[in-house]
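Using this note's numbering, the first residue of the first sequence is number 236, and each one after it goes up by one.
Every residue gets a Cβ at the ideal spot worked out from N, C-alpha and C, and that includes glycine.
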Amino acid sequence: MSTEKITEVTNLLWTLSSFNFNLNNNHYIATIIIILFRWPTIIPLETQMHRYTLSSTSLPLPQTHQPNPHPKPPLQNPLLHTFKTPFELKQFHTQIIKTNTPISLLQLTHIASICALTPSFPYATKLIQLSCTNETDIWNHCLRQLADSDTPNNAVRLFIQLCTQGVCLNAFSFSHFIKACTRLEDGLYGKIVHGFIEKHGFQSNLYLLNGMVHLYVVSGEFESARQLFDKMPERDVVTWNIMIKHLVKRGDVDEAYALFGRIPERNVRSWTAMIMGFVNIGKPKEAIELFNKMEEENVRPNEVTVVAVLAACADLCVLDLGKKIHEFSNRSGFKTNVRVCNTLLDMYIKCGCLEAARSVFDEMEERTVVSWSAMIQGLAINGKGEEALTLFSKMIDLRIKPNAVTFIGLLHACSHMGMVNEGREYFTIMSKDYGIVPQIEHYGCMVDLLSRAGLLTEARAFIKSMHIKPNGVVWGALLGGCRVHKNVELAEEAIEHLLELDPLNDGYYVVLSNIYAEAKRWEDAARVRKLMREKGVKKTPGSSSISVNGVVHEFVAGDESHPQTEAIQERLEKLLEEMRLRGYVPKTSVVVLDIEESEKVKFVLRHSEKLAAVFGLINTGKGTPIRIMKNLRVCEDCHAALKLISEIVDREIVVRDRNRFHCFKNGVCSCKDYW
DNA sequence: TTAGGGTTAG
236 MSTEKITEVT NLLWTLSSFN FNLNNNHYIA TIIIILFRWP TIIPLETQMH
286 RYTLSSTSLP LPQTHQPNPH PKPPLQNPLL HTFKTPFELK QFHTQIIKTN
336 TPISLLQLTH IASICALTPS FPYATKLIQL SCTNETDIWN HCLRQLADSD
386 TPNNAVRLFI QLCTQGVCLN AFSFSHFIKA CTRLEDGLYG KIVHGFIEKH
436 GFQSNLYLLN GMVHLYVVSG EFESARQLFD KMPERDVVTW NIMIKHLVKR
486 GDVDEAYALF GRIPERNVRS WTAMIMGFVN IGKPKEAIEL FNKMEEENVR
536 PNEVTVVAVL AACADLCVLD LGKKIHEFSN RSGFKTNVRV CNTLLDMYIK
586 CGCLEAARSV FDEMEERTVV SWSAMIQGLA INGKGEEALT LFSKMIDLRI
636 KPNAVTFIGL LHACSHMGMV NEGREYFTIM SKDYGIVPQI EHYGCMVDLL
686 SRAGLLTEAR AFIKSMHIKP NGVVWGALLG GCRVHKNVEL AEEAIEHLLE
736 LDPLNDGYYV VLSNIYAEAK RWEDAARVRK LMREKGVKKT PGSSSISVNG
786 VVHEFVAGDE SHPQTEAIQE RLEKLLEEMR LRGYVPKTSV VVLDIEESEK
836 VKFVLRHSEK LAAVFGLINT GKGTPIRIMK NLRVCEDCHA ALKLISEIVD
886 REIVVRDRNR FHCFKNGVCS CKDYW
């Protein structure tokens, strides 16, 4: 919209609000609102406005062909139950007159609400005026109610009506009007509303300016918001929080943090917005650090803070802090908040504590599809596929409608357990019985399911039959299957597609190189490594982290930087002796480096998973489970090694890799070596 | 009066 147009519309609004209307103004109102709010339903309003001006104060008969637009506030006074429509109001009013009962403030408010957007509006206005109550307060109540309702456009309609009828409005009325504007789905012209409030002399009202900053940001006019923010003579924590919140939403966390540093006084929302921001951009460590600072400043977390911090704990596998937050949530009465519980559930799942997750799930007072889906997924990636399917049946029995994510969990369950037929069945019923259109993720799961099970030709045919273009995940799933089932030919076909889709993804080269190495095609393996060098593709270093006493320790292969490195090496050597006695032979084919065989052995023996596990053994008490998080999929050699270590030291070792959990106990893994 | 946020997969 041009500046001239904005000025023109602002001036028109100003004229309208000068309270001297006649019939001819009505079409302007309609025009303005259409321009302002792109609001097709304005036509009935225009008709009504004519009626207001022309009709007497008598109540019109209810018209059955028109939908009843009246809001229904909670009725508290028993007398108020006597009417719910303007027509019934007439009867109610007759009673009031007959019995000579004064109308209470509550009743007047109800009358206003009932008549706000009906042709009986002038009647209600008259009643309110006669009652000697503060008319503005009553209409503000209605405005507020409508602004908060599911139909905030009705608050805008009422606001315009109040202007046209010359009702005295104050800053509160404008505040509700702005709020309603921020909640409209489209047609938010912040500049017009801004001009309008300035023309009414509210240019330095902090509440209204905060409302304007908010209106600008939600309508995508961030620059205007910023300009207004910068020139505001006075700001409060709300002003700052609005800006921070929206910078975070835009992903501009650095800028948000810069503003956060400038807030004179921060409240829980300021902290929460920032913590959430760091979680959203994948910086959970920073989120937790900020949370610790917030605690130092004695700011009490609320439900949203808890959700954000738990998400950070889940990302980093920081169980101790997660548990602390759980206890705090219980003490603070957050147990009834389903979102808090869902995040708690997810945190336990991602920390590999399936039992704790299950007890959170079982104790939940209310469960949503998210709770069920999270639990199903948790069971699936922890090698409890059958339990995941049982839980799904229970969910269906309870008539909880599954969503697309639920089916991803189910397909994972089938995939990780090799339940091909069940997987096929779920894929079919997903769309047939539940009307869920398969997304690329579902196709990815299906290809994974078939490929892992060795049905590589079927997996390839499945990809060819897809209605959407297969992505890297889909071809990558086939490639993974090719590696397990040693099908070099199909792997080469998959890689062709993968390199076309994402030529710089190191993972594909690594898998192909491994496939060649396992087939003893050393020249081809070397060719892949050469290709990687030529394209400048570098293998993402595998890293494993472990949290001990709230501190996250990270290891990469061959890492000697840790202060306890000597102790780790010493313990590892001792373990290796015992492992060799039990038949352990290092698997060097997993090493994709141009180095000598002996070097490869040295390298694989110092893989990050092994270092993190040994560090855990040294630094945790006997019997304590060791929880490790790996950024990539767990390496095959480490998988074999950790099985043996769990047996030798009699400890449970839980490794969360990029795909799933491996729980090593007594020499076996929960994945049953099917991964 | 004004912000009022958040959860499952990928």
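Judging by CA-CA distance, which residue of the options is the nearest neighbour of residue i?
| i | options | result |
| --- | --- | --- |
| Met681 | Glu456, Asp668, Phe627, Gly716 | Gly716 |
| Leu589 | Leu441, His449, Gln612, Gly496 | Gln612 |
| Thr775 | Glu601, His561, Ala792 | Ala792 |
| Pro499 | Ile560, Met665, Thr474 | Thr474 |
| Arg379 | Arg392, Ser408, Arg470, Glu370 | Ser408 |
| Ala688 | Phe697, Val719, Asn706 | Val719 |
| Asn233 | Asn749, Pro705, Glu882 | Given that the chain is displayed from residue 236 to residue 910, the structure contains no residue 233 and the question cannot be resolved. |
| Ile750 | Ser833, Gln799, Thr641, Glu871 | Glu871 |
| His219 | Gln674, Asp683, Leu690 | In this structure the chain extends from 236 to 910, so residue 219 is not present and cannot be described. |
| Ile349 | Ile373, Ile432, Gln804 | Ile373 |
| Arg817 | Pro798, Met529, Asp759, Ala876 | Ala876 |
| Cys377 | Leu362, Val640, Ile346, Leu365 | Ile346 |
Give the straight-line distance between the Cα atoms of residue i and residue j, rounded to the nearest whole angstrom.
| i | j | result |
| --- | --- | --- |
| Tyr909 | Pro821 | 20 angstroms |
| Asp489 | Phe464 | 18 angstroms |
| Val573 | Thr368 | 43 angstroms |
| Ser505 | Phe356 | 42 angstroms |
| Ile479 | Arg461 | 11 angstroms |
| Ala415 | Phe394 | 10 angstroms |
| Lys837 | Glu808 | 11 angstroms |
| Gly568 | Met599 | 13 angstroms |
| Tyr819 | Phe526 | 44 angstroms |
| Gly455 | Thr417 | 11 angstroms |
| Thr266 | Ser594 | Residue confidence for Thr266 is low, a pLDDT of 49 falling below 50, so the modelled location carries little weight; the figure read from the coordinates is stated next. Going by the C-alpha atoms only, they are around 59 angstroms apart. |
| Tyr358 | Leu419 | 28 angstroms |
| His435 | His429 | 10 angstroms |
| Glu660 | Pro354 | 58 angstroms |
| Tyr744 | Glu532 | 49 angstroms |
| Tyr492 | Leu551 | 21 angstroms |
| Leu580 | Gln342 | 47 angstroms |
| Phe272 | Tyr424 | For Phe272, the predicted structure reports a pLDDT of 43, less than 50, and the residue's modelled location is therefore unreliable. A value from the coordinates is still provided. For Phe272 and Tyr424, the distance between alpha carbons rounds to 8 angstroms. |
| Val391 | Asn476 | 26 angstroms |
| Arg286 | Asn565 | Interpretation of Arg286 is limited by its pLDDT of 27, a score under 50 that renders its predicted location unreliable; the figure taken from the coordinates is listed afterwards. One C-alpha to the other measures close to 57 angstroms. |
Report buried or exposed for residue i, applying the criterion of at least 16 other Cβ atoms within 10 angstroms of its Cβ.
| i | result |
| --- | --- |
| Pro337 | exposed |
| Lys878 | buried |
| Ala445 | This sequence places Asn at residue 445; Ala is not what is there. Asn445 is buried by the Cβ-count criterion. |
| Ile332 | exposed |
| Arg768 | exposed |
| Leu294 | Because Leu294 carries a pLDDT of 36, less than 50, the predicted location of this residue cannot be relied on, and the following value inherits that uncertainty. Burial call: buried. |
| Trp607 | buried |
| Asp597 | exposed |
| Gln396 | buried |
| Cys403 | exposed |
| Pro302 | The predicted model places Pro302 with a pLDDT of 38, which falls under 50 and marks its position as unreliable, so this point remains unresolved. |
| Leu633 | exposed |
| Gly911 | Since the first residue shown for the chain is 236 and the last is 910, residue 911 is missing from the structure and cannot be characterised. |
| Gly658 | buried |
| Ser650 | buried |
Please look up how many angstroms separate the CB atoms of residue i and residue j, rounded, as I've assumed it's under 8 angstroms.
| i | j | result |
| --- | --- | --- |
| Val772 | Leu739 | 6 angstroms |
| Ser796 | Val787 | Not a contact, Cβ separation roughly 14 angstroms. |
| Ile523 | Val553 | 7 angstroms |
| Met582 | Leu624 | Not quite, the Cβ-Cβ distance comes to about 24 angstroms (not below 8 angstroms), so this is no contact. |
| Thr571 | Val539 | Wrong, their Cβ atoms sit about 15 angstroms apart, outside the cutoff. |
Do residue i and residue j have their C-beta atoms closer together than 8 angstroms?
| i | j | result |
| --- | --- | --- |
| His732 | Trp710 | yes |
| Arg862 | Cys586 | yes |
| Gly922 | Asn722 | Outside the displayed span of the chain (236 to 910) sits residue 922, for which this structure offers no information. |
| Ala648 | Leu685 | no |
| Asn389 | Leu352 | yes |
| Val604 | Asn638 | yes |
| Thr360 | Gln400 | yes |
| Val541 | Val503 | no |
| Leu714 | Ala726 | yes |
| Val890 | Val869 | yes |
| Arg501 | Val472 | yes |
| Met665 | Phe642 | yes |
| Glu887 | Cys873 | no |
| Asp794 | Ser843 | yes |
| Leu443 | Ala406 | yes |
| Arg806 | Leu736 | no |
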